Amino acid sequence: MRRDSVAKGGLSVALARAVGMGFSFLLFLALARQSEQAAAVFRTLAVFLFIAEFLGLLGTQRWLVVELAPPGHQRRQLFLNALTYAAAISSGIGVVYVIVSYSGAYDASISAGLRYAAAGALGSAWLLCIQSTLVGVGLSSRVALLNVIENVVRSGIGLALVALKANVLSIILVFVLTRWVVVIAGLGIVFRQLEGTGIRPSAEGLKAFARQTPQFAIIMASFLTIRNAGLVLLPALAGTRMAASYVVPYQLYDLLLLLPTMLAHSASHLFASRAARSAASLRLAMVRMLSITSLYVLPLAGLALVLGRELLVMLAGPRYLDAAPIFAALMVAAPLITVDQVLSLGMTSSKAYGKDRTAVSIGAAFALAATFALAKPYGALGAAIAFLGAVALTLGSRLIIARRMIRPQDLFLIVWKPGLASLFACLAALGLQALTAAAGGFLASAGWVIAGVAALGVYAAALYGLGALSGARRLRMRQFLFRHPA
58 MRRDSVAKGG LSVALARAVG MGFSFLLFLA LARQSEQAAA VFRTLAVFLF IAEFLGLLGT
118 QRWLVVELAP PGHQRRQLFL NALTYAAAIS SGIGVVYVIV SYSGAYDASI SAGLRYAAAG
178 ALGSAWLLCI QSTLVGVGLS SRVALLNVIE NVVRSGIGLA LVALKANVLS IILVFVLTRW
238 VVVIAGLGIV FRQLEGTGIR PSAEGLKAFA RQTPQFAIIM ASFLTIRNAG LVLLPALAGT
298 RMAASYVVPY QLYDLLLLLP TMLAHSASHL FASRAARSAA SLRLAMVRML SITSLYVLPL
358 AGLALVLGRE LLVMLAGPRY LDAAPIFAAL MVAAPLITVD QVLSLGMTSS KAYGKDRTAV
418 SIGAAFALAA TFALAKPYGA LGAAIAFLGA VALTLGSRLI IARRMIRPQD LFLIVWKPGL
478 ASLFACLAAL GLQALTAAAG GFLASAGWVI AGVAALGVYA AALYGLGALS GARRLRMRQF
538 LFRHPA
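So the working numbering is basically just the index in the sequence shown, starting at one, shifted up by 57.
Here it is as structure tokens:
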């Protein structure tokens, strides 16, 4: 069985997610233009589905990916144990969702949707088992296939329902049903790839999951807290309409991070293999990954800061113009979270789970406290500031804790060239936008698009001039992305 290279795995997943998220984004924009209330309800319930997926193994999917790296019959047993363990955990999550739905914390629409999310909790948890197993055995491209099917089908049906002016809860129901169909297909794919014929979990295997749970549950719960505190708490603290001012910029933030997140996800097998070889080999993989992702994230985040108001108005309409400061805070967080997820992957690949837990727990505690403190008086902007602070604090903690893995000066050497080129691009965008605004007419209305496209050209030229795209650098990147791991 030939494993996927980082490029094939990561880019195939990223492409599938990009296609799927394109459809999902169209669905979200259709809802946002139709009603702020509908957009906020939809995004909040989508977060609960996301939480059910990522908490389905209480964080032990990271351990599962590493344990699946060596070939052999133990892979099938690990997968069966994972499914059984996820079934037990997701049952508890479903019960919690039902209890919250009757607690009065949310309005009637979100409360009713939570009961749909409860019905999809088991499917979400099993989908996580399927995806983690495919990544663990080096077959990330199969994950891409499942992702594109799920996202395109459910979003396509959802767009049709929006056109028919159906209730937003009908879209959530479609999401749940589609997930179950994809899970059934995914189970068939995984079982065909795993050796052995067993169909029963082992008691010892389930105990192994339970032994790993305490530290991984903290890591995963902390990660979800940082990522979703604003999305989950804003509707309760500041109202559903206020949440809409946060969810629209957050959707764009999610799109920006799609490629680096998928590359890091696909590189899990490679990082685990490098960590088993030596600390120096793992560090080199981290440097390569950071070098590649910084070339992508820094210019797009910078240009989003400069052109964010126009982008929001074009995509979601003038009612979201006030969300520009929220969007800016999220764009500042994007490069930080890109570095943080590579450091986190390095920690877990080297089995430094305690260090990973410490760093992410610090950020989660801040995210929770700051969101409670800032969301009610300052609304969506307060939630965005809390998120940015939590991401920065988490990254700072990692750099201190993992100073032997990668040093701040190493990070500076990686990002200074794309960072400087991005600065040149942003300055060019500002200048061109001012010129087109002064010209008036069509140039004034389309000036931000012209400025953005031209600025990307300036960025590419600056990278070349600074030597960031030399032949040796391109060769190293190609080797990292396209070499098939052993």
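Glycine included, each C-beta is placed from N, C-alpha and C at the ideal position.
All of these numbers come straight from a predicted model, not from anything done at the bench.
Might you give, ordered along the chain, the residues of its own chain that have their beta carbon closer than 8 Å to the beta carbon of residue i, omitting 5 neighbours on each side?
i: G411; result: Q272
i: A525; result: L352, K474, P475, A478
i: V448; result: I283, A390, L393, I394, D397, G420
i: E110; result: S181, A182, L184, L185
i: V152; result: A175
i: L314; result: V354, A391, I394, T395
i: Y154; result: F105, A109, L171, R172, A174, A175, A178
Do residue i and the ligand FAD come close, with the Cβ less than 7 Å from some heavy atom?
i: I383; result: Here there are no bound small molecules, and the ligand FAD is not part of this structure.
To the nearest whole angstrom, what separates the beta carbons of residue i and residue j, a pair I think is in contact under 8 Å?
i: D397; j: M404; result: Not quite, the Cβ-Cβ distance comes to about 10 Å (not below 8 Å), so this is no contact.
i: A182; j: L114; result: 7 Å
i: L327; j: F82; result: Not a contact, Cβ separation roughly 30 Å.
i: V123; j: S418; result: That belief does not hold up - the Cβ atoms of V123 and S418 are roughly 21 Å apart, past 8 Å.
i: G287; j: Y310; result: Actually they are not in contact, since the Cβ atoms of G287 and Y310 sit about 11 Å apart, beyond 8 Å.
i: N138; j: F266; result: 6 Å
Cβ of residue i within 8 Å of Cβ of residue j?
i: A441; j: A358; result: no
i: A512; j: G504; result: no
i: A14; j: A432; result: Outside the modelled stretch of the chain, which goes from 58 to 543, sits residue 14, for which no answer is possible.
i: F444; j: A424; result: yes
i: V219; j: Q308; result: no
i: P258; j: T415; result: no
i: A301; j: A97; result: yes
i: V233; j: G177; result: yes
i: Q131; j: V194; result: no
i: A482; j: L360; result: yes
i: I471; j: L347; result: yes
i: F99; j: L88; result: yes
i: A217; j: V363; result: no
i: L290; j: T451; result: no
i: T235; j: R211; result: yes
i: L86; j: L372; result: yes
i: M343; j: I463; result: yes
i: A321; j: L402; result: yes
i: L244; j: I187; result: yes
With a threshold of 16 other CB atoms inside 10 Å of the CB of residue i, please say whether the residue is buried or exposed.
i: L492; result: exposed
i: G116; result: buried
i: D61; result: Here the model assigns D61 a pLDDT of 47, short of 50, so the residue's position is not dependable, and the following value carries that caveat. That one is buried.
i: I256; result: exposed
i: M58; result: Note on M58: pLDDT 48, under 50, position unreliable in the model; the coordinate value appears next. Classification for M58: exposed.
i: A529; result: exposed
i: I383; result: buried
i: Y159; result: exposed
i: I167; result: buried
i: R455; result: buried
i: E261; result: exposed
i: S527; result: exposed
i: F469; result: exposed
i: T318; result: buried
In chain order, what residues of the same chain have a beta carbon less than 7 Å from the beta carbon of residue i, not counting five sequence neighbours either side?
i: A543; result: Legend: pLDDT at A543 = 47, less than 50; position of this residue unreliable, no value from coordinates given.
i: I206; result: V239
i: I150; result: A109, L112, A178
i: V157; result: L171
i: L378; result: R366, L369, V370
Which same chain residues, not among the five before or five after residue i, have their C-beta less than 6 Å away from its C-beta?
i: Q490; result: G504, W505, A508
i: M534; result: I349
i: R366; result: A381
Would residue i count as contacting chain B if we go by Cβ distances under 8 Å?
i: M462; result: The structure shown contains no chain B; it is built from a single protein chain.
Within the chosen definition, does the segment 97 to 104 reach the segment 224 to 231 through at least 3 CB pairs nearer than 8 Å? yes
Would you check if there are 3 or more beta carbon pairs closer than 8 Å linking the segment 286 to 300 to the segment 162 to 170? yes
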